[in-house]
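First residue of the sequence shown? That's 33 in the working numbering, and the numbers climb one at a time after it.
Ideal Cβ positions, reconstructed from N, Cα and C, are used throughout, including at glycine.
All of these numbers come straight from a predicted model, not from anything done at the bench.
Beneath this line is the structure, given in structure tokens, with notes to follow.
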Amino acid sequence: MTEVLAVAVITVLAVIAPGADFAMVVRNSYLHGRRTGLLGALGVAAGVLVHVTYTMLGVGLLIASSAFLFTVVKLVGAAYLVYVGVRTFRTRSEVTVDLERTTELSPLAALRTGFLTNVLNPKTTLFVVSTFAQVVRPGTPVLQQVGYGLFMSLAHLLWFGVVAVFFSHDRMRTLMLRGQRILNKVIGSVLAGLGVSLAFAPSH
């Protein structure tokens with residue numbers, strides 16, 4: 033599996049698996065409309081760049097300082113992907129979202145909410161670190177790593193933009209929620225399989 037394909041698959045699965053970002057965008061889109069939801073999605077995408085920046089620095093230092101520690105992080109990251117895959121597969125309940133109406137959000141507040149929800153989410157940290165630990169090698173160019181990070185951010189922006197559009201309409205929201213359980217099983221199966229294959233993949 034090439035680095036690019038691995039990053040693409042893991043990122044897409046991580047993005048569409050329901051979590052804190054999903055619940056926040058759903059809530060704001062439902063209560064405050066499409067524009068607020070889209071601004072939340074933009075905030076989430078900006079938050080991802082924060083995780084990417086410190087992960088790139090940390091993984092780079094590990095590669096340079098200790099091949100053993102880097103291998104340990106790689107294996108722990110692969111195990112985490114398997115763990116998340118199994119948990120996602122076994123999830124039966126729908127994502128719970130607090131839909132109590134509150135005061136209107138200003139554009140800046142909507143953007144800030146999306147940003148902070150992502151930046152303060154430890155699951156995003158683990159996903160980004162796990163992904164980079166699997167695909168980055170000593171010879172991976174820095175610009176290519178930057179490209180991975182930008183792709184992760186863009187994927188979040190596009191997906192949560194779609195979520196914002198869907199959940200600002202009652203009928204679309206219902207259709208999206210109906211397919212959630214099936215989607216969880218697909219995401220869980222592929223993530224767990226990826227984690228196992230990446231753990232045994234040779235390092236170059």
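Exposure of residue i, with buried meaning 16 or more beta-carbon neighbours within 10 Å
| i | result |
| --- | --- |
| Gly171 | exposed |
| Ser97 | exposed |
Neighbourhood of residue i by C-beta, 7 Å cutoff - its chain only, sequence neighbours within 5 removed
| i | result |
| --- | --- |
| Val218 | none |
| Val151 | Gly79 and Val82 |
| Val44 | Ala187 |
| Ala49 | Thr120 and Ile219 |
8 Å CB neighbourhood of residue i in its chain, flanking five on each side removed
| i | result |
| --- | --- |
| Val221 | One point to set straight first is that residue 221 is Ser, not Val, in the sequence displayed. Taken in chain order, the residues that qualify are Gly117 and Phe121. |
| His64 | Glu136, Leu137 and Ala142 |
Opening and closing residue of the alpha helix (DSSP H) in which residue i lies
| i | result |
| --- | --- |
| Gly65 | From DSSP, Gly65 is part of no alpha helix (DSSP H); its letter is neither H nor E. |
| Phe183 | Val174 to Phe199 |
| Ala165 | Pro154 to Val167 |
| Pro139 | Pro139 to Val151 |
| Thr40 | Reading off the sequence, residue 40 comes out as Ala, not Thr. Residues Glu35 to Ile48. |
| Phe102 | Ala99 to Arg122 |
Spatial distance of residue i from residue j (CA atoms)
| i | j | result |
| --- | --- | --- |
| Thr87 | Gly227 | 19 Å |
| Gly51 | Val178 | 25 Å |
| Gly146 | Val161 | 20 Å |
| Val168 | Ile95 | 9 Å |
6 Å CB neighbourhood of residue i in its chain, flanking five on each side removed
| i | result |
| --- | --- |
| His188 | Val47, Val76, Ala77 and Val80 |
| Thr68 | Asn60, Leu137 and Ala142 |
| Ala224 | Val114, Gly117 and Val118 |
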